[in-house]
Amino acid sequence: MSTLTHGTTPTSQSDTAARPGPAESRRRTSAHLLLSPGVVNGILLVAAFYTLMPVSWLLFAATKNHRDLFATSGFSFGDFNLFANLQRVLTFNDSIYLRWFGNSVLYSVVGSAASTLLCVATGYAFDKYAFRGKEKLFGVVLGGVLVPTTVIQLPMYLLASKAGIVNTYWALLLPALVNPFGVYLARVFSEGYVPNEVLEAARVDGAGELRLFARISLPMLAPGFMTIFLFSFTASWNNFFGALVMLNDDSLYPVNLGLFMWNSVTQQQPEYYSLVITGSLVAVVPLIVAFVCLQRFWRSGLTAGAVK
Amino acid sequence: MALPSARPASRQAMRRRPPAKAPAKAPVKALAKAPAKAPAQAPAPGAARLRRSQRRTAALFIVPFFVLFTVVMVAPIGYALWMSLFQEQSSGLGFGGAQRVFSGLDNYTDALSDDGFRSSFAHIALYCALYIPVMIGGSLALALLVDSALARAKRFFQLALFLPHAIPGLIASIIWIYLYTPGLSPVLDWIGALGGSWDFYRDDHVLASMVNLCAWQWTGYNMVIFYAALQAVPREVIEAAVVDGAGALRTALRIKVPMIASAVVMTVLFTCVGAIQIFTEPKLLNQRGAPAIDTEWSPTLFIWKAGFVRHDYGLAAAASLLLAALGIALSYLVTRLGNRWKAATS
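Residue numbers (our numbering), protein chains in the order written: chain V, 78 to 385; chain H, 609 to 954.
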């Protein structure tokens, strides 16, 4: 929290800054002090400390055994037990954690890849082909964007239980396949990245429509594909509510829900603390690596978005 | 939470369109024109075949999505509408099970007059009143600092501040809840070392604890958005202000902030759309025994309890639809405002 109060200090100065007259010289000096390189970078360092501290604490905590977790202070080492903790997480309860991790990968990677392909094909068809009722149908997609998904989770659960897919992989995979916002994005990407003239030229050369899509359009849409994939991957990896509603069988849990269940018994059985902590670390590290590697995509997705 | 993360890309894509298209158009068009014209003179059977095959391809691409869309979105909404019109009534002495009876809009009036449901909206409003100024103010200030000429290591700061967004919300909540727990928490040790004391779970502190948790996750994300918007402010405008004698602070507050106002307002509205759906953070704080966060604290927690604890599906469906209506209204507002700005600025 301290960061935030620091961060807003310049704003609170604006009142003084605006006042004319004798305050003028005071403003100059205070502004000068405030905006020296030391202060600016100091505030940024404090903010970076705030964002990095909890994750670093997790790293420290994952190296401790249960006794040291409580006996030593947060940012010092006790006995080095990282590997013992890792082994315990990975083998606990017949290696259920590995299963959860695999489930998360299945839900997120497979679900998002399939969903992104559907979105790209649909958005591309909306952009490149003429058919009756096109804009009306597209309006339906836009309507789907507006509906908050957590809100329709309960009727979805009841329908899924009627269809008998509650407590199966389909209960999470099926909803993850539908991403109206991705369709909207794909249409816009298709307009931007795939020139109609190229398609016409390829048609003249005798290429069929499917071949056109697979060989010419899809490669041109690759950056758009990655951006949509990344957004839907993050959404599924984060999806806790859906899993909580749809799944009872712990062999189907994603990591999220598994950690939640472990966490819920920590107060009765404190030895679960190190399981939750080390399990969280194992779940977070691949995500951080992915975000650092895929910077280009989320950065361009966020950045250009804000430009006007 | 899906919406806020998705938004920026859309506008990015819109922006991209003209530059991507313009260069491609001119040279290729000349090539494409000749063959396109030839069949126009004689509407050959080839053109009709082409159109037929295009329609078939379009159908092949679109139908799977719409089938799934109907199954996953349209059907549940329709089912919720249907369910919200019925109530369970146990007949006689409760033997023979419950019976579903048509009840019109009773579930809606029940939801709207339910103290738990109403206070869940009050909680969300209070939460927004505290969270939005802190988070938006924080990310705006940080974006201005990173944008200023004085900042070093801009890439590092952007990555470091964005990092919390790579942590799933549930894990972020678990980490902070441990950082709030006496005995485990280094933060409490530091406060103690400074001679203070703090109870993160106390009734009058717990809202701040939740705001901190959410601000940690979203400040850097929005900072990156604002920073990108600031980068697009024409440098001449800033130089002109400096030539006119405006200091860095004045330039930041009087020139830069107004020029990215649309990004700020959009972010605020999307934050509200996310906030009405908040579930994970209060759920975990409640599980941890924070007394002020009850099991109906937020609207989604209320719906969860009505549906999965009390098994009152009619009430839960009505509450879901009321919340969805609010979400749709907010999203609609965001889209309209966004379009107006796009029209005004382009």
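For glycine and all other residues, C-beta sits at the position ideal for the given N, C-alpha and C.
Relative to the C-alpha of residue i, which candidate in the options has its C-alpha closest?
i, options, result
"residue 118 of chain V", "H:758, H:707 and H:660", "H:758"
"residue 870 of chain H", "H:947, H:666 and H:819", "H:947"
"residue 765 of chain H", "V:125, V:365 and V:360", "V:125"
"residue 355 of chain V", "V:325, V:166 and V:121", "V:166"
"residue 152 of chain V", "V:132, V:160, V:164 and V:332", "V:132"
"residue 401 of chain V", "V:276, V:300 and V:303", "This structure does not reach residue 401 of chain V, given that chain V is present from 78 up to 385, and the question cannot be answered."
"residue 804 of chain H", "H:810, H:795, H:812 and H:811", "H:795"
"residue 736 of chain H", "H:689, H:918, H:875 and H:862", "H:875"
"residue 814 of chain H", "H:835, H:684, H:898 and H:945", "H:898"
"residue 299 of chain V", "V:262, V:127 and V:282", "V:262"
"residue 322 of chain V", "V:285, V:274 and V:238", "V:238"
"residue 225 of chain V", "H:844, H:675, H:918 and H:682", "H:682"
"residue 746 of chain H", "H:827, H:713 and H:661", "H:827"
"residue 208 of chain V", "H:879, H:834 and H:667", "H:667"
Applying a beta-carbon distance threshold of less than 8 Å, which residues of chain V neighbour residue i?
i, result
"residue 760 of chain H", "114 and 118"
"residue 687 of chain H", "232, 235 and 236"
Just checking: is the beta-carbon of residue i within a distance shorter than 8 Å of some beta-carbon in chain V?
i, result
"residue 940 of chain H", "yes"
"residue 719 of chain H", "no"
"residue 655 of chain H", "no"
"residue 805 of chain H", "no"
"residue 643 of chain H", "Caution is warranted here: a pLDDT of 43 is assigned to residue 643 of chain H, below 50, making its placement in the model unreliable, and the coordinate value is therefore given only provisionally. Yes, contact with chain V."
"residue 663 of chain H", "yes"
"residue 828 of chain H", "yes"
"residue 921 of chain H", "yes"
"residue 909 of chain H", "no"
"residue 681 of chain H", "yes"
"residue 707 of chain H", "no"
"residue 842 of chain H", "no"
"residue 808 of chain H", "no"
"residue 728 of chain H", "no"
"residue 712 of chain H", "no"
"residue 677 of chain H", "yes"
Which same chain residues end up closer than 8 Å to residue i when comparing Cβ atoms and leaving out the 5 residues on each side of it in sequence?
i, result
"residue 864 of chain H", "752, 755, 838, 841 and 846"
"residue 786 of chain H", "792 and 793"
"residue 635 of chain H", "Note on residue 635 of chain H: pLDDT 40, under 50, position unreliable in the model; no value is reported."
"residue 168 of chain V", "none"
"residue 620 of chain H", "Here residue 620 of chain H scores only 41 on pLDDT, less than 50, and its place in the model is too uncertain to base an answer on."
With 8 Å as the threshold, decide whether the Cβ of residue i is near any Cβ in chain H.
i, result
"residue 227 of chain V", "yes"
"residue 231 of chain V", "yes"
"residue 254 of chain V", "yes"
"residue 198 of chain V", "yes"
"residue 124 of chain V", "yes"
"residue 101 of chain V", "Its pLDDT being 49, under 50, residue 101 of chain V is placed unreliably in this model, and the value from its coordinates should be taken loosely. Not an interface residue."
"residue 373 of chain V", "no"
"residue 201 of chain V", "yes"
List the residues of chain V that residue i touches, going by C-beta distances under 7 Å, in chain order.
i, result
"residue 797 of chain H", "150 and 151"
"residue 695 of chain H", "Ordered by position in chain V, no residue passes the 7 Å Cβ test against residue 695 of chain H, which lies about 15 Å from the chain."
"residue 782 of chain H", "336, 340, 353 and 357"
"residue 863 of chain H", "The contacting residues do not exist; residue 863 of chain H stays about 13 Å from chain V at best."
"residue 691 of chain H", "232"
Using C-beta distances below 7 Å, list every residue in its chain close to residue i, excluding the 5 sequence neighbours before and after it, in chain order.
i, result
"residue 340 of chain V", "353"
"residue 259 of chain V", "192, 193, 196, 305 and 309"
"residue 856 of chain H", "756"
"residue 742 of chain H", "819 and 823"
"residue 694 of chain H", "708, 709, 710, 711 and 922"
"residue 180 of chain V", "329, 330 and 331"
"residue 342 of chain V", "349"
Please return the same chain residues whose Cβ sits closer than 6 Å to the Cβ of residue i, not counting the five positions on each side in sequence.
i, result
"residue 931 of chain H", "907"
"residue 37 of chain V", "As shown, chain V starts at 78 and ends at 385. That puts residue 37 of chain V outside it, with no answer to give."
"residue 716 of chain H", "926"
List the residues of chain H whose Cβ lies closer than 7 Å to the Cβ of residue i, in chain order.
i, result
"residue 247 of chain V", "Those do not exist, as residue 247 of chain V stays about 11 Å from chain H at its closest Cβ, beyond 7 Å."
Please list the partners that residue i has in chain H, where partner means a Cβ-to-Cβ separation under 8 Å.
i, result
"residue 184 of chain V", "Near residue 184 of chain V there are no residues of chain H at all, since even the closest Cβ is about 12 Å away, more than 8 Å."
"residue 279 of chain V", "Those within 8 Å of residue 279 of chain V in chain H number zero; the least Cβ separation is about 10 Å."
"residue 333 of chain V", "776, 778 and 779"
Report yes or no: is there a C-beta of chain C within less than 8 Å of the C-beta of residue i?
i, result
"residue 206 of chain V", "Here chain C cannot be found, since the structure's protein chains are V and H."
Just the chain H side, please: which residues come within less than 9 Å of residue i by C-beta, in chain order?
i, result
"residue 128 of chain V", "768, 769, 770, 771, 772, 824, 827 and 828"
"residue 163 of chain V", "Those within 9 Å of residue 163 of chain V in chain H number zero; the least Cβ separation is about 17 Å."
> Taking any Cβ of chain H, which residues in the stretch 131-148 of chain V have a Cβ under 8 Å from it, in chain order?
Replying inline: 131, 132, 134, 135, 138, 146 and 147
>> If the cut-off is 8 Å on Cβ atoms, which residues from the stretch 348-364 of chain V count as contacting chain H, listed in chain order?
In response: 350, 353, 354, 357, 360, 361 and 364
> Can you list, in chain order, the residues of the stretch 737-756 of chain H whose Cβ is nearer than 9 Å to any Cβ on chain V?
Replying inline: 741, 742, 743, 745, 746, 747, 748, 749, 750, 752, 753, 754 and 756
> In the stretch 209-221 of chain V, which residues sit with their C-beta less than 7 Å from some C-beta in chain H, listed in chain order?
Replying inline: 221
>> Can you pull out the residues from the stretch 289-319 of chain V whose beta carbon lies closer than 7 Å to at least one beta carbon of chain H?
In response: 304, 308, 311, 312, 314, 315, 317 and 318
>> Using a Cβ-Cβ cutoff of 9 Å, what residues of the stretch 887-899 of chain H are near chain V? List them in chain order.
In response: 887, 888, 891, 892, 895, 896 and 897
>> Against chain V, which members of the stretch 859-883 of chain H pass a CB distance test of less than 8 Å?
In response: 860, 861, 868, 870, 871 and 881
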